[in-house]
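Protein chains: 4
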Amino acid sequence: MQESFPCIEELKDLDIRALGENRFDSPFIKRSRRFTEDDSRVLVYSNIRDAHECEQCGRTPPAFEEAGPREKLFFDGKKSVAGIVTCGGLCPGLNDVIRTIVMELYWEYGVTRILGFRHGYEGLSSNRRKEPMTLSPDAVQDIQHQGGTILGTSRGPQDVDDMIDTLRKFKVNMLFVIGGDGTFTGAHELAVRIRELGLKIAVVGLPKTIDNDIYCSERTFGFGTAVEEGRKAIQSAHHEAKAAWNGIGLVKLMGRDSGFIAVHSTLANSDVNFCLIPEVPFTLEGEGGLFARLEDRLKRRQHAVIVVAEGAGQDLIAGEREKDPSGNAIYKDVGLFLKYKIKAHFRDQGIAMTLKYIDPSYMIRSIAANAEDSGFCILLGQNAVHAAMAGKTDMFVGYWNHHFTNVPLEVAVGKWKAVDPLGEYWQSVVSMTD
Amino acid sequence: MQESFPCIEELKDLDIRALGENRFDSPFIKRSRRFTEDDSRVLVYSNIRDAHECEQCGRTPPAFEEAGPREKLFFDGKKSVAGIVTCGGLCPGLNDVIRTIVMELYWEYGVTRILGFRHGYEGLSSNRRKEPMTLSPDAVQDIQHQGGTILGTSRGPQDVDDMIDTLRKFKVNMLFVIGGDGTFTGAHELAVRIRELGLKIAVVGLPKTIDNDIYCSERTFGFGTAVEEGRKAIQSAHHEAKAAWNGIGLVKLMGRDSGFIAVHSTLANSDVNFCLIPEVPFTLEGEGGLFARLEDRLKRRQHAVIVVAEGAGQDLIAGEREKDPSGNAIYKDVGLFLKYKIKAHFRDQGIAMTLKYIDPSYMIRSIAANAEDSGFCILLGQNAVHAAMAGKTDMFVGYWNHHFTNVPLEVAVGKWKAVDPLGEYWQSVVSMTD
Amino acid sequence: MQESFPCIEELKDLDIRALGENRFDSPFIKRSRRFTEDDSRVLVYSNIRDAHECEQCGRTPPAFEEAGPREKLFFDGKKSVAGIVTCGGLCPGLNDVIRTIVMELYWEYGVTRILGFRHGYEGLSSNRRKEPMTLSPDAVQDIQHQGGTILGTSRGPQDVDDMIDTLRKFKVNMLFVIGGDGTFTGAHELAVRIRELGLKIAVVGLPKTIDNDIYCSERTFGFGTAVEEGRKAIQSAHHEAKAAWNGIGLVKLMGRDSGFIAVHSTLANSDVNFCLIPEVPFTLEGEGGLFARLEDRLKRRQHAVIVVAEGAGQDLIAGEREKDPSGNAIYKDVGLFLKYKIKAHFRDQGIAMTLKYIDPSYMIRSIAANAEDSGFCILLGQNAVHAAMAGKTDMFVGYWNHHFTNVPLEVAVGKWKAVDPLGEYWQSVVSMTD
Amino acid sequence: MQESFPCIEELKDLDIRALGENRFDSPFIKRSRRFTEDDSRVLVYSNIRDAHECEQCGRTPPAFEEAGPREKLFFDGKKSVAGIVTCGGLCPGLNDVIRTIVMELYWEYGVTRILGFRHGYEGLSSNRRKEPMTLSPDAVQDIQHQGGTILGTSRGPQDVDDMIDTLRKFKVNMLFVIGGDGTFTGAHELAVRIRELGLKIAVVGLPKTIDNDIYCSERTFGFGTAVEEGRKAIQSAHHEAKAAWNGIGLVKLMGRDSGFIAVHSTLANSDVNFCLIPEVPFTLEGEGGLFARLEDRLKRRQHAVIVVAEGAGQDLIAGEREKDPSGNAIYKDVGLFLKYKIKAHFRDQGIAMTLKYIDPSYMIRSIAANAEDSGFCILLGQNAVHAAMAGKTDMFVGYWNHHFTNVPLEVAVGKWKAVDPLGEYWQSVVSMTD
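Laid out in structure tokens, this is it:
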């Protein structure tokens, strides 16, 4: 599901920062488990031309550090305190990830003191409303069956020094940050400041973006579940549209900067006629505009289904974009916008029609993960624990070319993956729709 | 799920009108199948006091005619033409009902010419946009797996004489009308006018109301499916609410005049704290008002789930009610109203909170029926065919005290079932919520 | 879903036994809640002829006591100790029922000491393996999302006096017994012996039978869920059958003495060609036998789906029936029997075919209840608590003619509901299959 | 989900055979769509060491041809006839693939004559039972909602020359073969013989293996759906196990030679205690044997869940393996074997226990694809059409390092992917279970 490949200029330094020398033997040694060598790398470009181009211009092709258990650890599990925090919007799999981190720390590395900070970064600030909860295997045993996050979440950053004070107060020496681009920006700042202060606290990110738009990771959890549920909403829109004369079913799906959910839900459901995503601009009026294409479709078939990603068509909506507390742009509601514009257009044209608008976003992001995502969360969580125990910091765990990877936070913040309008996914959508 | 029992004054005449003398032997005779006697009745009041009160004041307790196959038929299947029409909003099970009517007419009674009029009553008018489709067992074989209705639907009545002209043009002598209260009003007018004209066309209704509010029927199809899906929406709202500090999940469910879906979804999901239905008025401000109770709940638990039926709290929303083309009152959107009012209230109070609003209506009504509803549709459809073949008209098929019943349309039009605020369902809700 | 109506001779005495005079005011009085009068009755026969026949022969028509909260209680909630036990096979909704009993006792009647006896009646014996668990609202808050029963279950009776000793030891004065016919036999013996000993312990049953075959109750929990899942298994069998040349899909569903699950799953799924239930004997060989009908079907359509209830065709399987520890007959596996017999028959006939056998029983009975069943469990559990608090004993809560009822255990034990081969459900199946 | 990487010795020749010179312009040129260059390659080893090792020993690292649309085509769509055949066991997604091939051929390449051969290779033989069906966009419009395959399937090869006669008779010049290893063996023989005869018929395979064990493809369709359903079966087994004293839930999942479904279902469900797969031998008796571990688990927790892949423990079951008509080894039923062995063991030990055995295989493989698999099927089908139109033959479409690939059939037949006992998936299972 990777589309627009990361640009080679942005991948100059893929080395992972370490807190110091690793002096402790991994408890895995006794269990004769295979370790990942610290210099094992996963090529960014698996396409042979790209890789060779790099070599021909005299440099090693870019590659991510491979994730996995290390033979030597920086931390002594028995003396360590771990913290976990979940930030931003809900995403299927959050509880799976929390559960796995706790289980892996506790049973595999002997870390028995694990704290769950409440309601995002706010739980790390001195004016937090709730004290952290103690996470034990018993406490997290069955949480994966619930949607949401048992830790709660919130948007927005907090003062970095204030958060570090909290970490020190609770003697936390490894912090697992589960969140998206905004959250990773905060985690990077935290890691930089910790380094400046000479503290030995690992900061490890686990990418959480239902949109699947984290840079340098082929896949993120929750996305598969979202596509499954998005397909159901489209199915409903299709039945509504077909039952009416000139019926239009309009479904808004998640996707602020990239339209992966819209694209994959469309691929999973052959009833979509128009798929609108941020990466492919469109117009309403004029030849080739949405209105003309809709009129044509209704003339031919008397019903139509439109899927629109929430970030699509923002240029069409007048006015300035604002920012939310996390610094994300607040998007104008393109679903309601299209609903009113389309109705007005057909009323003006004197063409009878019916439009049903479905916005399933909160019903999707709050459910439990499907099997695919649950399994992915377990491997993601385990690799995050491996990294933190090995003293790696200022990084997140990604997935690339069927390997889990350790990626510097700096490489990914402020960027995102997007659907390639010339790539095979979008081209498949084009060939299936209208 | 019956609640407010029909009032005895409204049940004076429960006799079913017949088109004439039944002269044909039922083909079931050869299959030695048991027939329902024409004078078999189902008591309206199964409660012994009510029944006895009637008897003591010198009259027979009211009872519905029992539905079922009759030994003598009015129509000769081989020479008959049947019509089917679906009206009003979508409801899970529409295709199950269409399929069953076709299968029963064709295989059991030998009616081979069956027409599906398109897009509601509009398909019966002379300015219909589409000609009726021919329905055969092959054409309907697998339609029950799809939501919606293969015939299409629309709202609003048509000229009665114009529709009768269409029926005569296509030689239809039995019309199956699948719809709700507004639709039944039209069906009754049609049957009355057919009688005035001395025509021999049976008009048989099949109650379709996802709200389960048809008068004199304990149960209608689609309702069970709606409760199942409503529960999922509530579950999502609960996860959203719990994940935020002072999180409120607000779910609007269907229910224009009666809150059965809201009530049963609440009973099926223990996470609801406030259930608002049309039958039980509520206020926003003041002591005992929704705001005060919400504040109290958030103070105690920091999250809350509200379920509101679409017809609840209409008195709180300023302005006049309008009517849709079917004559149903157009309801102000109580979901959006509450969303804005609650947010404004807490902002005014300076209390931080988050509200997520979920409106799953179009996702619910457009899906295929669950197993319970599918099975019910089959028996409902078969009994409608039995009634029409026996020349019964101006009636619909109901379900009462575990029997299917034939009920005069006149008894039910313009009335509806409602949740009894003193009954056990609402009292259970009261004991479960807040 | 009631079919073979209870025979009037068996309904002579429907009075409910009481432990003594009710001296305590219900806490519901303060909440101005409506009470059910103790002499309120629900007619057994809602069909007007049956009811009148009774009256004409000079006796009151039989009627069940209506369930519901009573104004005067036998027990003082604050001083009471309640026990709950679940017996027999799993059934969707067990945890819903446990949860409701706890919540209703605790919040509505002030009973704070509630014990869950472990693993069926065994948990009430002196050689129990586990001590009872304490049940509080917190402990049961979320259990309804899990299948199974948190109390565990087992089959088989225990010594009555030994169980009474346990109840006395723990000072239990009301015992809720959730189980089927075998379990109710034990509960009745317990209640009789308690009465003989002059003890004041209420024994109230909650019918649990996924087969929906409890006598004198129109409906039981878990059945709707089972039909939903049974339909899925049939769908799979259909796809397997259609994909092969002369493909046969064979599905065994639950139903020891009555075929309700098989019948309703067939009604909910139009792909079934043969439905075999205990109430309707069938043969394999000869004209009209299963083999001949299968051959005919394959000749015409090249695929077939068979649904068989586990208790069907037991007479065809040689050998003696044994009994399990609960005294239920152990049924020979008719699914495997048919699988081998059908394969052998076609091999002998030299007709190529493929048979896929599906037995989903353990996958069905162990899942969480669907919305319909969950809602039903709540009302059932609440009514059981109302009955026990009012000192009613030796009874169970049923559902009849849209009222909940109190029924003497004695009336139902040793009998069961069955599908009526001349009734409308089976006749619908006949008209749909082959 | 790739585990045991293909060995470099087996990847000597990854060149794709072509039927001849490509002389026709692709219709995509007009739509300004991006083409995949014919020399574009996808590295087999994305791990940097492996790739560099190859280079250091003086040879290019092995790489697959990248799939995708080509600018020049071998066939003229308008004059082409395509054939499709589905072979072997059912797998979710078969109808999605059939549908996509038809849609892509018809709408994108102008191939209007498409034949669906019935019931596997048998439909290509001269003694076929059914003539091929004509596949048009209308005929396949909605088939993706059904499980199974509309073409039917069968096992076993047919005479190669006889099949070629059929292809010639129907003027088929491109054949799409959807099947697993046995089917691909047949397809390869067909392609070889076609080449010997100098015919211009493309043979393109689409890998169908629910087990996900096709060599040289990271992923196959149906697998994700199978894991989703496998998880449900495990959940049921868990509830059964927990409800009984010393309860054991035993689930058999698909996986003849590789345990991917068992492994991923275990990762997606944290309730599994023992996962048994073909790749990791186990014993029953003695120290470290299954019996001892089970006894230990029951002593500690009183319940256990076992998941066993159908190909596991075959060495423990006495007797010779037989072959089915496709040449696949017929596996002894390890599920039933373990059921009896475990029961016997505990009976011999005098330890009371209960075992519930669940075999959901036919319920899993016959359902419709989930959203993930449906989307994958579309891209797979489109790429197969691109390959055939470009005259590529004796190949199948794989997926590798987030690219679709063209792989010679010869490379994959007779081999399979397996779970690596030292790899991260199995190690995660080990850390989660017991």
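Residue numbers (numbering that gives the first Met the number 0), protein chains in the order written: chain A, 0 to 433; chain B, 0 to 433; chain C, 0 to 433; chain D, 0 to 433. Positions of the beta carbon are idealized from the N, C-alpha and C atoms, including for glycine.
Taking CB atoms only, leucine 42/A has a neighbour in chain D less than 7 Å away. Residue Ser365/B holds the alpha-carbon nearest to the alpha-carbon of glycine 87/B among Ser365/B, Ala303/B, Gly334/B.
By the criterion of a C-beta distance shorter than 6 Å, tyrosine 398/A is surrounded in its chain by Ser216, Glu217, Arg218, once the five residues flanking it on both sides are discounted.
Around the beta carbon of proline 91/B, 16 or more other beta carbons sit within 10 angstroms, so the residue counts as buried. Residue state for arginine 117/B is assigned as coil, using DSSP reduced to three classes. The beta carbon of methionine 362/D falls within 7 Å of a beta carbon belonging to chain C, placing the residue at that interface. Here the alpha carbons of glycine 204/D and valine 139/D stand approximately 20 Å from one another. At a cut-off of 7 Å between C-beta atoms, valine 226/D counts as an interface residue with respect to chain A. Close partners of glutamate 371/B in chain C (Cβ separation under 9 Å): Gly223, Val226, Glu227, His263, Ala267, Asn369, Glu371. Per DSSP, reduced to three states, the secondary structure at lysine 78/A is helical. By the rule that beta-carbons nearer than 7 Å mark a contact, histidine 302/B does not touch chain C. Per DSSP, the continuous alpha helix (DSSP H) segment holding glycine 380/D begins and ends at 370-388. Residues of the segment 109-136 of chain A with a C-beta atom less than 7 Å from some C-beta of chain B are His118, Arg128, listed in chain order. Membership of tyrosine 424/B in the alpha helix (DSSP H) is indicated by the continuous run 423-431.
Look at the segment 11-33 of chain C: the residues with a C-beta under 7 Å from a C-beta of chain B are Arg32, Arg33. Leucine 293/C and valine 41/C have their alpha carbons spaced roughly 46 Å apart. The beta-bridge partner set that DSSP reports for cysteine 274/D consists of Val306/D.
Collapsing the DSSP output to three states places glycine 334/B in a helix. Within chain D, Tyr361 have C-beta atoms less than 7 Å from the C-beta of lysine 355/C, given in sequence order. Cβ proximity to chain A below 9 Å picks out Gln145, Gly146, Gly147, Thr148, Ile149, Leu150, Gly151, Thr152, Ser153 from the segment 138-153 of chain B. In the three-state scheme derived from DSSP, where H, G and I count as helix and E and B as strand, asparagine 405/B is classed as strand.
What leucine 297/B touches in chain A, judged by beta-carbon distance under 9 Å, is nothing: the nearest beta carbon there is about 12 Å away.
A direct Cα-to-Cα measurement between aspartate 75/A and valine 418/D gives close to 32 Å. Cα atoms of arginine 112/D and lysine 71/D: separation of roughly 21 Å, rounded to the nearest angstrom. Annotation: arginine 22/B to methionine 388/B spans about 11 Å, alpha carbon to alpha carbon.
Contact with chain D is absent for histidine 344/C, since none of that chain's Cβ atoms lies less than 7 Å from the residue's Cβ. The beta carbon of leucine 421/A sits closer than 7 Å to some beta carbon of chain D.
Taking aspartate 433/B as reference, the option from Gln301/B, Phe345/B, Gly285/B, Glu64/B with the minimal CA-CA separation is Gln301/B.
Of the residues assessed, glycine 197/A falls on the exposed side of the cut-off, its CB having fewer than 16 other CB atoms within 10 angstroms. Within chain D, the residues placing a beta-carbon under 8 Å from that of arginine 230/A are Ala370, Ser373, ordered along the chain. Annotation: the continuous alpha helix (DSSP H) that includes phenylalanine 183/A extends over 180-195. DSSP, read as helix, strand or coil, puts lysine 298/C in helix.
DSSP places proline 136/D inside the alpha helix (DSSP H), whose first and last residues are 136-139. Residues of chain A whose Cβ lies closer than 7 Å to the Cβ of alanine 242/B are, in chain order, Leu89, Gly147, Thr148, Gly151, Thr152.
Looking only at Gly82/D, Leu10/D, Gly151/D, the smallest Cα-Cα distance to threonine 353/C is reached by Gly151/D. Ile377, Leu378, Gln381, Asn382, Trp399, Asn400, His401, His402, Phe403: these are the residues of the segment 377-409 of chain D whose beta carbon lies less than 9 Å from some beta carbon of chain A, given in chain order.
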